[in-house]
Each structure stands twice: as C-alpha cells, then as structure tokens.
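*Asks:*
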Amino acid sequence: MSETSADCIFCTIVAGEIPAEVLASNEHAISFKDLNPQAPFHALVVPVDHHENAAASAAADPAIIGHLVSLADQVAKAAGNEEYRLIVNTGVGAGQSVFHTHVHVLGSTPAMTESLIRSAGHEPHPSRRPPGQRRARALRVRRGHRHRHRHRRGPRHPAGRGRAG
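So the number in our numbering is just where the residue sits in the sequence shown, counting from 1, plus 1.
1. Can you tell me which of the three DSSP states S71 falls into?
2. Determine the direct distance from the alpha carbon of E84 to that of A16, and round the result to whole angstroms.
3. Tell me the start and end of each unbroken beta strand (DSSP E) in the segment 41-105 that is at least 3 residues and wholly inside, in chain order.
4. With the cut-off set at 9 Å, would you say S6 and H51 are in Cβ contact?
5. Taking only three categories from DSSP, how would you classify I31?
6. Compute every distance between the C-beta of N37 and the non-hydrogen atoms of the ligand MN, then say whether any falls below 8 Å.
7. Quick one: what's got a C-beta closer than 8 Å to L24's C-beta in the same chain, skipping five residues either side?
8. When you compare only the Cα positions, how much space is there between S58 and D74?
9. Rank A95, I14, S109 by C-alpha distance to the C-alpha of N54 and give the top, closest one.
10. Which two residues bound the contiguous alpha helix (DSSP H) that contains I14?
11. Quick check on A64: buried or exposed, where buried means 16 or more other Cβ atoms within 10 Å of its Cβ?
12. Would you grab the beta carbon distance between T91 and A56 for me? Rounded to a whole angstrom, and I think it's under 8 Å.
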C-alpha cells in the first residue's frame, strides 16, 4: 500500500489526478518533464510513496533511492543523454520547494555542463575545454595576459582616455 499526502502536488500527479508529460514509470517511481526546465533536458523522478525528502525515503526503504536512480538513468538515456546530472535537494535552504522526494535529471551537451560549472564559480578543467581554447589559454598565461580580455590598439579617445569617438 502506498502512502500519499492529500496536499502534495507530486502525489496527485502519481495518482493521475493532475496531467503531466510522463516519460516513464514502474511500480516504484514515475518520471515526467519539469514544468520549469533549467536545462535543455530536465525531468523529475518521483517515488510512488510520499516521503518529505531523500533522507526520509532512504530511512523508510533504502532501495527507493536505487529505484529512483535506475529510472533516472533510463529516461536520460531514452532522451539521448549518455551523460547527465542528478540533483536531489533536501530542505528549503538547499532549494527544495516540493516536499516529496524527487530527483532532477539534467542533460544535454558538454557546453551545458561547462556553463553549470562556471555559474557555480569554477573554471572547467583544461581537459574539458575545446582543444583550441586549451592552447590559447596556456599561451596567454605564459605571456602574462591572464587578466587581459582584449588587446588595445591605440588610444580609445582622441585625448587618449575614455571611449573611442
């Protein structure tokens, strides 16, 4: 017997009371497209049983988490994403807004992954940059141009300051 919560939007989707673009389902979980995608491919994987967050699900039945990851892998690969990101938010401070365990499945391209890394304030590892960028950056660093974004050609303003006229 599955546990549900009357005021939980994911429980109503699992019950079929609210329509969703379902990608896959099994006896343990259901996956559907996120209504507010944060990546070119963004799906949610939700367990059938209601638990407030991933820790509560794992405490109730550790196999639940395995079922979620397995279904996430299935929907990501069915959408053509051999590589993807899984995100589980636990608590308001971590960004959880629906208090029913769920896994975000994000995928698409290496460029998407690099933009997510940059938005977190990190520079991608040199091996993840396109080959031309690896060499160009290495040369700029060696020449002391690490912080210059462009080379100036002559004065920008007739008086030598400000914008070009």
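C-beta atoms are modelled at their ideal positions from N, C-alpha and C, and glycine is treated no differently.
*Replies:* Checking against the coordinates, here is how it stands:
1. In the sequence shown, counting from the first residue as 1, residue 71 sits at position 70. Residue state for S71 is assigned as helix, using DSSP reduced to three classes.
2. For the purposes of this step, residue 16 is taken as the residue at position 15 of the sequence shown. For the purposes of this step, residue 84 is taken as the residue at position 83 of the sequence shown. So the alpha carbons of these two residues sit roughly 30 Å apart.
3. Runs of the beta strand (DSSP E) spanning 3 or more residues and lying entirely within the segment 41-105 occur at 42-48, 85-88, in chain order.
4. Walking along the sequence shown from the start, residue 6 turns up at place 5. Walking along the sequence shown from the start, residue 51 turns up at place 50. It is a contact, given that the beta carbons lie within the stated cut-off.
5. Taking the first residue of the sequence shown as 1, we reach residue 31 at position 30. Annotated three-state conformation of I31 is strand, per DSSP.
6. In the structure shown, the ligand MN is absent, as is every other ligand, since no ligand is present at all.
7. Start at 1 with the first residue of the sequence shown, and residue 24 comes out as number 23. Within the same chain, L24 has close Cβ partners S32, F33, K34, A44, V76, A79, A80.
8. Here residue 58 refers to the residue found at position 57 of the sequence shown. Here residue 74 refers to the residue found at position 73 of the sequence shown. Roughly 19 Å separates the two Cα atoms.
9. Here residue 54 refers to the residue found at position 53 of the sequence shown. Per the C-alpha coordinates, the member of A95, I14, S109 positioned closest to N54 is A95.
10. As a working note, residue 14 is residue 13 in the sequence shown. Note, I14: alpha helix (DSSP H), 10-15.
11. Position 63 of the sequence shown, counted from the first residue, corresponds to residue 64. By the 10 Å Cβ count, A64 comes out exposed.
12. Here the question's residue 91 lines up with position 90 in the sequence shown. Here the question's residue 56 lines up with position 55 in the sequence shown. Under the criterion of beta carbons closer than 8 Å, T91 and A56 qualify as touching, at roughly 6 Å.
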